[in-house]
Amino acid sequence: DGGITQSPKYLFRKEGQNVTLSCEQNLNHDAMYWYRQDPGQGLRLIYYSQIVNDFQKGDIAEGYSVSREKKESFPLTVTSAQKNPTAFYLCASSKGLATDTQYFGPGTRLTVL
Amino acid sequence: AQRVTQPEKLLSVFKGAPVELKCNYSYSGSPELFWYVQYSRQRLQLLLRHISRESIKGFTADLNKGETSFHLKKPFAQEEDSAMYYCALRDSNYQLIWGAGTKLIIKP
């Protein structure tokens, strides 16, 4: 099913390398989000964007960066400064920030070797 | 501190039995609460929200402000209900605060 796509599904990275996770949506949504999911924990917000060319830090933004140059795209870069990057990353979007329904992508599992 | 607690990591019930997935929250304002569900090999998706007071797939959830709870209930479980369920609270900045999730297994 379309809507929100994330690539790749699995990603392996060596320590010290930056890596970028892709998130694209064709739902014409203004708001987009990046979450991190670790075993036994709920989703935690990394960054969110309410509109093109604007984004805000979430609860755990350290070691991550994002850009929002196009409405459809919200890539997440996991930098070498992120101390524990191995996790499952979920991208989501919603019509607006105040809209209650978020639509999720399939996720990317990042493993740092 | 704002927090959502789902006390059960795993809940296993027989088909046809009632199901109750617990969710408790800590929030100083007027909460907006949601249940999201993830079926096997599917994406996380919204199941229901307290504000609409709807029943989806036979599930209901009532906000109890006195007990700060938003438990998800279904009177007769079906095998297709097996999934991971997450309770979430939306704060005043419109951000979702998530519980750790409960894995529901429906035994035949």
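Protein sequences, first through last, are from chains Y and Z.
Residue numbers are given in the working numbering: position 72 of the first sequence equals residue 72, and the series is strictly consecutive.
Residue numbers are given in the working numbering: position 71 of the second sequence equals residue 184, and the series is strictly consecutive.
For glycine and all other residues, C-beta sits at the position ideal for the given N, C-alpha and C.
These numbers come from a predicted model, not from an experiment.
Item                                                                                                                                                                           : Value
Taking Cβ-Cβ distances below 7 Å as the criterion, which residues of the segment 11-44 of chain Y are in contact with chain Z?                                                 : Gly40, Gln41, Gly42, Leu43
Curious, which full-length beta strand (DSSP E) runs of at least 3 residues does the segment 54-88 of chain Y contain?                                                         : 54-57, 64-66, 76-78
Let's test the definition: count the other Cβ atoms within 10 Å of the Cβ of Tyr35 (chain Y) and tell me whether it reaches 16, buried, or not, exposed.                       : buried
For Thr86 (chain Y) and chain Z, any beta-carbon pair shorter than 8 Å?                                                                                                        : no
Determine the direct distance from the alpha carbon of Arg109 (chain Y) to that of Leu21 (chain Y), and round the result to whole angstroms.                                   : 10 Å
So, does the segment 75-87 of chain Y touch the segment 153-163 of chain Z, judging by three or more C-beta pairs under 8 Å?                                                   : no
On the criterion of 16 or more Cβ atoms from any shown chain inside 10 Å, does Cys111 (chain Y) qualify as buried, or is it exposed?                                           : The identity of residue 111 (chain Y) in the sequence shown is Thr, whereas the question assumes Cys. Exposed: under 16 other Cβ atoms inside 10 Å.
For Val117 (chain Z), decide whether its Cβ has a neighbour in chain Y, counting only Cβ atoms nearer than 8 Å.                                                                : yes
At the level of alpha carbons, what is the spacing between Val150 (chain Z) and Ile4 (chain Y)?                                                                                : 17 Å
At a CB-CB cut-off below 7 Å, which residues of chain Z make contact with Leu97 (chain Y)?                                                                                     : Tyr207
Closer than 8 Å, Cβ to any Cβ of chain Y: which residues of the segment 151-173 of chain Z, in chain order?                                                                    : Arg156, Leu157, Gln158, Leu159, Arg162, Ile164
I'd like the span of the beta strand (DSSP E) that includes Thr181 (chain Z), first residue to last.                                                                           : That residue, Thr181 (chain Z), is in no beta strand (DSSP E); it is neither H nor E in DSSP.
Spatial neighbours of Ser182 (chain Z) within its chain, please: CB distance less than 6 Å, with the 5 preceding and 5 following residues excluded, ordered by chain position. : Asn137
Indicate whether at least one CB of chain Y lies closer than 8 Å to the CB of Phe147 (chain Z).                                                                                : yes
Any Cβ of chain Z within less than 8 Å of the Cβ of Leu76 (chain Y)?                                                                                                           : no
What does Lys220 (chain Z) pair with, by DSSP beta-bridge criteria?                                                                                                            : Z:Phe127
The beta strand (DSSP E) spanning Glu24 (chain Y) covers which residue range?                                                                                                  : 19-25
Using a C-beta cutoff of 8 Å, does Gly225 (chain Z) count as contacting chain Y?                                                                                               : Lying outside 114 to 221, the shown extent of chain Z, residue 225 (chain Z) is not represented and no answer is given.
Starting from the beta carbon of Tyr198 (chain Z), find every residue of chain Y whose beta carbon is closer than 8 Å, and list them in chain order.                           : Going along chain Y, no residue has its Cβ under 8 Å from Tyr198 (chain Z), so there is no contact; the nearest lies around 12 Å.
What residue does the beta strand (DSSP E) around Asn28 (chain Y) start on, and which one ends it?                                                                             : No beta strand (DSSP E) holds Asn28 (chain Y); DSSP gives it neither H nor E.
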